[in-house]
Structures are given as structure tokens and as C-alpha cells.
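Asker: This is the structure I want to talk about, given as C-alpha cells.
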Amino acid sequence: MSNRIDYIVKPSGKLTGRIRVPGDKSISHRAVMLGSLAQGRTRITGLLEGEDVLCTLGAFRAMGVTMEGPNRGALSIHGAGLHGLQTPTTPLDMGNSGTAMRLLAGILAGQQFDSELTGDESLNRRPMERVAEPLRRMGAVINTAAGGHPPLKIKGGQKLRGIEYPMPVVSAQVKSCLLLAGLYAEGETMVSEPAPTRDHTERMLRGFGYSVLTQGARICLRGGGKLQACKIDVPADVSSAAFFLVGASIAPGSDLVLEHVGVNPTRTGALNILKLMGANLELINRREVGGEPVADIRVRAARLHGIRMPAEQVPLAIDEFPALFIAAACAEGETVLTGAQELRVKESDRIAVMAQGLTRLGIEAMETPDGIVIQGGRFRGGVVDSHGDHRAAMAFAVAGLRATGPVTVSECQNVSTSFPGFVELAARAGLSINIE
Ligand code: S3P
Numbered sequence: 462m463s464n465r466i467d468y469i470v471k472p473s474g475k476l477t478g479r480i481r482v483p484g485d486k487s488i489s490h491r492a493v494m495l496g497s498l499a500q501g502r503t504r505i506t507g508l509l510e511g512e513d514v515l516c517t518l519g520a521f522r523a524m525g526v527t528m529e530g531p532n533r534g535a536l537s538i539h540g541a542g543l544h545g546l547q548t549p550t551t552p553l554d555m556g557n558s559g560t561a562m563r564l565l566a567g568i569l570a571g572q573q574f575d576s577e578l579t580g581d582e583s584l585n586r587r588p589m590e591r592v593a594e595p596l597r598r599m600g601a602v603i604n605t606a607a608g609g610h611p612p613l614k615i616k617g618g619q620k621l622r623g624i625e626y627p628m629p630v631v632s633a634q635v636k637s638c639l640l641l642a643g644l645y646a647e648g649e650t651m652v653s654e655p656a657p658t659r660d661h662t663e664r665m666l667r668g669f670g671y672s673v674l675t676q677g678a679r680i681c682l683r684g685g686g687k688l689q690a691c692k693i694d695v696p697a698d699v700s701s702a703a704f705f706l707v708g709a710s711i712a713p714g715s716d717l718v719l720e721h722v723g724v725n726p727t728r729t730g731a732l733n734i735l736k737l738m739g740a741n742l743e744l745i746n747r748r749e750v751g752g753e754p755v756a757d758i759r760v761r762a763a764r765l766h767g768i769r770m771p772a773e774q775v776p777l778a779i780d781e782f783p784a785l786f787i788a789a790a791c792a793e794g795e796t797v798l799t800g801a802q803e804l805r806v807k808e809s810d811r812i813a814v815m816a817q818g819l820t821r822l823g824i825e826a827m828e829t830p831d832g833i834v835i836q837g838g839r840f841r842g843g844v845v846d847s848h849g850d851h852r853a854a855m856a857f858a859v860a861g862l863r864a865t866g867p868v869t870v871s872e873c874q875n876v877s878t879s880f881p882g883f884v885e886l887a888a889r890a891g892l893s894i895n896i897e
């Protein structure tokens, strides 16, 4: 972890104006990965220059891929081809990023060389058998440390074969890992998902000219093809936009436009949930950019009410719950979330961390094994610990808009993994936030 940063948020007015949050993290990781494995030069604009994506970028540079940038979101990659990566001389450090580690595991399983993936304290506590186990079924030789945690040690030179894999967890990372390994496998790799998850990998593979078949819950591809370089314009991250959607909803008098936000239907659970809670969201100027739906979102303050969060929306809003819990705390009545046990194995245990912080700020929040029950109320000022979780940190910062006194959020340094410039942008929109 870099130097410790705390935020101090003063109770403040409203969020207004027009802002564009940084590029989508999931799409940025995939753009760097597929661009590196493609033939020819891939030009990316709107890339998220957050630490997570920089880890992915660093890993491919360490495997011999030449890139120019990133510079203000522009990155040009001279693809090495599917079989052109070189042996890295050190373990590849994925920092805080579960996506980088799990997706790379799929790619590395198909290489001729040995490799090792490590991470920071948080990542080194996260479950990796969910990818290691199906990769072994494909013929990969891959070891996890005690408890199924990183580091991952991957032996090169294995012959992978396609498998049919019904996923036991609802996870786009597992799906994507297996599809990427499938590029190197003999025959067909077929993954079926228990519920829809983000489909950026499938969309982007098609954008690189690779045939991927989606039939209901089943996604198939055949190994042995090629990726052809292309242009990618990364939309703004709906997961980063979520903090502002909630902030503007709960702060009276707010009227904010978020520009060029990715609104892929596998990512819009938070928009659907907020609308069910009574939020005033308007999607304007809908368009498609490089195979991904994009829109500007206008959000105005609204009276929110508690709901039972619909089960089918949970995977579609999986990263937005810290923000949604803040909305629930400002809503009238009770909000109930169930079926979200995956939140316990994110960058932190997000159910525990958020329940603890909400309670600290005077909100009644009761943890359940797979969710939380939140009674709408009034935030008081105080000190909350984000436990180094970027999304918990930004969620508590936004809570400051409706607190009766200043809110100090501790351990916010990891915000730069997904949202570099958060403090400056939030301040521009009207949040009274300072760094300590
Ligand atoms: C991601 C998938 C999600 C999400 C993560 C990014 C991705 O994880 O939480 O932030 O880019 O594929 P799971 O698929 O493990 O739920």
C-alpha cells in the first residue's frame, strides 16, 4: 500500500454540473490483455490509468509487449500475437486487482513458460481456486498457496483442452479466465453461468475478430484462432459513476450529468436498483461505442425509499453495493439485501466493512451471512475505516453529503486503483472533500 491517505468530508450542499468519470476498469483490463495478444497495433482511448490497470499493463510489458503510453487515456499496443509473449524474469505483481490476476491466470496457463502471480495484502487473501480448479481440468498445471490464495504458480508448456464448465460461482472473472485459456485449448471451451454476469470479454473478443457463441447461459469458443488488432474507445466506468448517482440522489438540490457512461445491461444493476428506490435518473443520448452501449446520465435529487433488492440484480450491481448502502441509509424505511455472499470476498469483506462504518455513522445496519439489512436514518459525523477498500472509501465520502457533522474516512489510498482524481472531480461537482 502506498502512503496512507484519509479523507475529510464536510457536510455540504449538492452535486451539480457535468462530469466524466475515468474509464471502465473491466474494459480497460481486457483491452490491454487482448491488445497484447493480438496481431497488429491496437489503439485505445479512454483507458483507465488506475493502479489496477497499470498492473496489467506492467505485466504485459514484463512479457515483452511494446506499448506507447498511457497518456491521458491513450495507449497504443504493438500486439505480440497469441504466441508471442516472452518469459517474465520476476513474479508478476497484480497489486490490488482480482480481475488482473484471475484473467491473466487463464492466459498464462496456455503459455510455454513458467510464471508466478502475486498481489498486495488484500489480493493475497482472496480465493483463487475458483479459477485454478477449472484450469486444471483443462490440463493446466497451477498451484495456489495455503487456503487457495495467491501466489499462483503456473507451469508452462502444457497442452490445454477445451472443457464444458458449469460455473459454481456467479463470476465474470471465472468466465473470462476460462474463455481466455480456451484461446489456447484444443477444441471447444464452453462455460455456462448460473446468472448473467458482465459480458465485456465476449464482446471484446468479437471486436478483435474472434468468434464467440452465446446461447442463453452458455458461452463457447474454439481454440486456435487469431486476434486482429482494433480500435477501442473505453466508456466511463458505471461503477465509478455510481458514487455520484447516489451522491446526487441524496443531496437536496443536486442536478448532475455524468457523461459517456458505459450502460451495458450486464452492468446496470445499480441504475435499476436506484430507480426502484425512487431515484430520478435519465439516460440521454444513448449510443453504441465499439460494441458497448453508452449514455449520458442525468441525476437529480429524489426522495428514496427502502426496498428488497431483487436477486437477479445482484450480479449486475456487484461492485456498486457500497454506494447503494449509502442510498439505503438515506432512504425512508428498510432495505434488505440477500444473495450477495460474494461481497465477503471482494477487496475487503464489504458486508462487514460497510455495516461497521454505517453503524459508526449512526445508521442501523445488521449484517446477515449473505447480505445486510439497513434502516434509513440520519448520518452523524465521525471517523470511519474503509479498511483499504477503494469503493468503501468513496461510498463513505459521499455519505458526508448528508451527515450532521464532518466525516473522516481513513485508509483511502487505494481509491487510485479504480478512480484516480476522485477527490478533485468530486470537489468540482460540489463535495466538500479534503485529503489529510
Ligand atoms: C470483474 C468482475 C467482478 C467484479 C470485479 C470486476 C471483471 O468480479 O466484482 O470488480 O472485470 O470481470 P466477479 O466476476 O468475481 O464477481
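Note that my numbering has the sequence shown beginning at 462, numbered continuously upward. By construction, the Cβ of each residue, glycine as well, lies at the ideal position given by its N, Cα and C atoms. In this text the structure is predicted, and so the values were computed from the model without any measurement.
Once you ignore the five residues that flank Ser487 on each side, which residues in its own chain have a CB closer than 7 Å to its CB?
Answerer: These residues qualify, in order along the chain: Thr560, Arg659 and His661.
Asker: Would the beta-carbon of Ala772 fall within 8 Å of that of Gly837?
Answerer: Not closer than 8 Å, so no.
Asker: Counting only the same chain and skipping the five closest in sequence on each side, list residues whose C-beta sits under 6 Å from that of Ala740.
Answerer: Answer for Ala740: Ser710 and Ala763, listed in chain order.
Asker: Looking at Ala656 and Leu613, is the spacing between their C-beta atoms short of 8 Å?
Answerer: Cβ distance not < 8 Å, so Leu613 and Ala656 don't count as in contact.
Asker: Figure out for me which residue from Gly580, Leu682 and Pro830 has the closest Cα to the Cα of Gly800.
Answerer: Ranking Gly580, Leu682 and Pro830 by Cα distance to Gly800 puts Pro830 first.
Asker: Between which two residues does the alpha helix (DSSP H) harbouring Leu476 extend?
Answerer: Element bounds for Leu476: n/a, residue is neither H nor E.
Asker: Using three-state DSSP, classify Gly730 as helix, strand or coil.
Answerer: Of the three classes helix, strand and coil, the one that applies to Gly730 here is helix, per DSSP.
Asker: Closer than 5 Å from C-beta to any heavy atom of ligand 1: which residues, in chain order?
Answerer: Taking each Cβ in turn, the ones that pass are Ser487, Thr560, Ser632, Ala633, Gln634, Ile779 and Asp780.
Asker: List the whole-angstrom C-beta distance separating Ile624 from Arg598, where the pair is believed to meet the contact cut-off of C-beta under 8 Å.
Answerer: That pair is a contact at about 5 Å.
Asker: Please state the DSSP three-state secondary structure of Phe705.
Answerer: Three-state result, Phe705: helix.
Asker: Looking only at C-alpha atoms, which of Thr517, Leu476, Gly478 and Gly545 sits nearest to Ala492?
Answerer: Of the listed residues, the one whose Cα sits closest to Ala492 is Thr517.
Asker: How close, in whole Å, do the beta carbons of Leu742 and Val760 come, if the pair is a contact with beta carbons under 8 Å?
Answerer: Their Cβ separation, rounded to whole angstroms, is 5 Å, which keeps Leu742 and Val760 in contact under 8 Å.
Asker: Indicate whether Gly668 and Gly752 have their beta-carbon atoms separated by less than 8 Å.
Answerer: Contact flag set, yes.
Asker: Can you list, in chain order, the residues of its chain with a C-beta nearer than 7 Å to that of Glu654? Leave out the 5 residues immediately preceding and following it.
Answerer: These residues qualify, in order along the chain: Met628, Val631, Lys636 and Ala678.
Asker: Should Gly670 be flagged as near chain D, meaning a C-beta pair shorter than 8 Å?
Answerer: This model lacks chain D altogether; it includes just one protein chain.
Asker: Does the contact criterion of 3 or more C-beta pairs under 8 Å hold for the stretch 528 to 538 versus the stretch 568 to 584?
Answerer: With the cut-off at 8 Å, the stretch 528 to 538 and the stretch 568 to 584 do not touch.
Asker: Thr865 and Gly511: beta carbons closer than 8 Å?
Answerer: Not a contact, by the Cβ cut-off of 8 Å.
Asker: Quick one: is Thr729 buried, meaning 16 or more other Cβ sit within 10 Å of its Cβ, or exposed?
Answerer: By the 10 Å Cβ count, Thr729 comes out buried.
Asker: Could you check what DSSP says for Phe840 in three-state terms: helix, strand or coil?
Answerer: Of the three classes helix, strand and coil, the one that applies to Phe840 here is strand, per DSSP.
Asker: Residues in its own chain within less than 7 Å of Pro783 by CB, not counting five upstream and five downstream?
Answerer: If we look at Pro783 and ignore the five residues flanking it on each side, its Cβ neighbours are Arg811, Met815, Arg852, Ala853 and Ala856.
Asker: Applying the criterion that 16 or more other CB atoms from any shown protein chain within 10 Å of the CB defines a buried residue, is Arg769 buried or exposed?
Answerer: By the 10 Å Cβ count, Arg769 comes out exposed.
Asker: Which class does Cys691 belong to by DSSP, given the choice of helix, strand or coil?
Answerer: The answer is coil: DSSP assigns Cys691 none of H, G, I, E or B.
Asker: Do you know whose CA, among Gly643, Asp694 and Ile734, lies nearest Gly496's CA?
Answerer: It is Asp694.
Asker: So, with DSSP's three-state summary, where would you put Ser768?
Answerer: Rather than Ser, the amino acid found at residue 768 in this sequence is Ile. DSSP places Ile768 in coil when its eight states are reduced to three.
Asker: Tell whether a beta-carbon distance below 8 Å holds between Met924 and Thr605.
Answerer: An answer regarding residue 924 cannot be provided, because it is not within the stretch 462 to 897 covered by the chain.
Asker: So, Leu798 versus Ile833, is the Cβ gap smaller than 8 Å?
Answerer: In contact: Leu798 and Ile833 (Cβ atoms closer than 8 Å).
Asker: Assign Gln547 to buried or exposed, taking buried as 16 or more other Cβ atoms, counted over all protein chains shown, within 10 Å of its Cβ.
Answerer: Under this definition Gln547 is an exposed residue.
Asker: Can you pull the DSSP bridge partners for Arg761?
Answerer: DSSP, once it has assigned bridges, lists Asp716 and Asn741 as partnering Arg761.
Asker: Which same chain residues, not among the five before or five after Cys873, have their C-beta less than 7 Å away from its C-beta?
Answerer: Hits under 7 Å: Ile466, Asp467, Tyr468, Ser847 and Ala854.
Asker: Are the CB atoms of Ile894 and Ala860 within a distance shorter than 8 Å?
Answerer: Taking 8 Å as the Cβ cut-off, Ala860 and Ile894 do not qualify as a contacting pair.
Asker: Run through the DSSP bridge pairs and tell me what Ala541 is partnered with.
Answerer: Its beta-bridge partners are Gln500.
Asker: With a 10 Å radius around its C-beta and 16 neighbouring C-beta atoms as the bar for buried, classify Met462 as buried or exposed.
Answerer: For Met462, the predicted model reports a pLDDT of 45, less than 50, meaning its position is unreliable; a value from the coordinates is still stated below. Flag for Met462 reads exposed.
Asker: How should His544 be labelled, buried or exposed, when 16 other C-beta atoms within 10 angstroms of its C-beta is the threshold for buried?
Answerer: Exposed is the call here.
Asker: Would Glu897 be called buried (16 or more neighbouring beta carbons within 10 Å of its own) or exposed?
Answerer: Answer is exposed; the Cβ neighbour count stays below 16.
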